[in-house]
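S.K.: Each residue of the sequence shown is one higher than the one before, starting from 81 at the first, in this note's numbering.
Just so you know, even glycine gets a beta-carbon here, dropped at the ideal spot from N, CA and C.
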Amino acid sequence: MVRIERDGQVFAQVYGQAHRDYDIPSTVGTRFAIANGGKGLTALAV
81 MVRIERDGQV
91 FAQVYGQAHR
101 DYDIPSTVGT
111 RFAIANGGKG
121 LTALAV
């Protein structure tokens, strides 16, 4: 997703798929679960 705001105007463009198995495209409102990605790496390092 690319989002650019300038002078009160918003440009948003989305690329890719939200779910590859079901061929569901990504939208501007698509939410991705990425918040916990670093916890496993931190636990592994410790």
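Pull up the distance between the alpha-carbon of Asp-101 and that of Phe-112, whole angstroms please.
M.R.: Counting from one through the sequence shown, the residue named residue 101 turns up at place 21. Counting from one through the sequence shown, the residue named residue 112 turns up at place 32. Whole-angstrom Cα-Cα distance: 15 Å.
S.K.: Taking Cβ positions, are Val-94 and Met-81 nearer each other than 8 Å?
M.R.: Locating residue 94 in the sequence shown gives position 14, counting from the first residue. Locating residue 81 in the sequence shown gives position 1, counting from the first residue. For Val-94 and Met-81, yes; Cβs fall inside 8 Å.
S.K.: I'd like to confirm the pairing. Which residues does DSSP put opposite Ile-114 in its beta bridges?
M.R.: Against the sequence shown, residue 114 aligns to sequence position 34. Beta-bridge pairing links Ile-114 to no other residue.
S.K.: Determine the extent of the beta strand (DSSP E) in which Val-90 is found, giving its start and end residues.
M.R.: Taking the sequence shown and counting its residues from 1, one reaches residue 90 at position 10. Run containing Val-90: 89-93, per the beta strand (DSSP E) assignment.
S.K.: Per DSSP, what are the beta-bridge partners of Arg-83 in this structure?
M.R.: To locate residue 83, count along the sequence shown from 1; it is residue 3. The partner list for Arg-83 (beta bridge, DSSP) reads Ala-92.
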